[in-house]
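Residue 15 in the numbering used here sits at position 14 of the sequence shown; the count goes up by one each step and never skips. Beta carbons: idealized from backbone N, C-alpha and C, even for Gly.
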Amino acid sequence: MSSLNRYKFTFGNKALTLTTNHDNLFMEEVERVAKEKYEAIKEQMPVADDETLAILLAINSLSTQLSREIEFDDKEKELEDFRRKALDGLVGKSSN
């Protein structure tokens with residue numbers, strides 16, 4: 002069983018501690034990307050409060066994740082179709 006890591010950082014005005022399976026190097030990159038995306042949204046909506054910005058960041062992240070999952074599923078289907086056609090071709094050749 003892997004040990005859990007407690008990663009502490011400040012996001013906006015909040016001090017946070019995350020319990021995660023990932024190491025600090027990975028979490029530092031997550032923190033960097035989160036802050037970068039947060040600042041990008043904040044530039045577009047300078048009067049929005051921190052909570053609104055965080056909610057928009059979460060929704061944007063979920064949207065990106067869902068798009069990637071759909072794309073991954075599509076690629077898996079393409080690969081399965083390719084394998085099936087290749088296998089059918091081999092079976093057809095061995096029948097002759």
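Checklist entry - In angstroms, rounded to a whole number, what distance separates the CA positions of L63 and E77? => result 21 Å
Next on the checklist: Determine whether the beta carbon atoms of T61 and K38 lie at a separation below 8 Å.
Outcome noted: The sequence given here places Asn at residue 61; Thr does not occur at that position. Contact flag set, yes.
Item to check | Assigned secondary structure, L19 (DSSP; H/G/I helix, E/B strand, else coil) | outcome: strand
Checklist entry - Is L58 buried or exposed, if buried means 16 or more other CB atoms sit within 10 Å of its CB? => result buried
Checklist entry - Per the contact definition of three or more C-beta pairs closer than 8 Å, is the region 42-55 in contact with the region 3-17? => result yes
Checklist entry - Taking only runs of the alpha helix (DSSP H) that begin and end inside the region 15-68, which ones reach a length of at least 4 residues, in chain order? => result 25-45
Next on the checklist: Using 8 Å for Cβ pairs, my map puts R33 next to T20. What's the rounded Cβ distance?
Outcome noted: About 20 Å separates the two Cβ atoms, so there is no contact after all.
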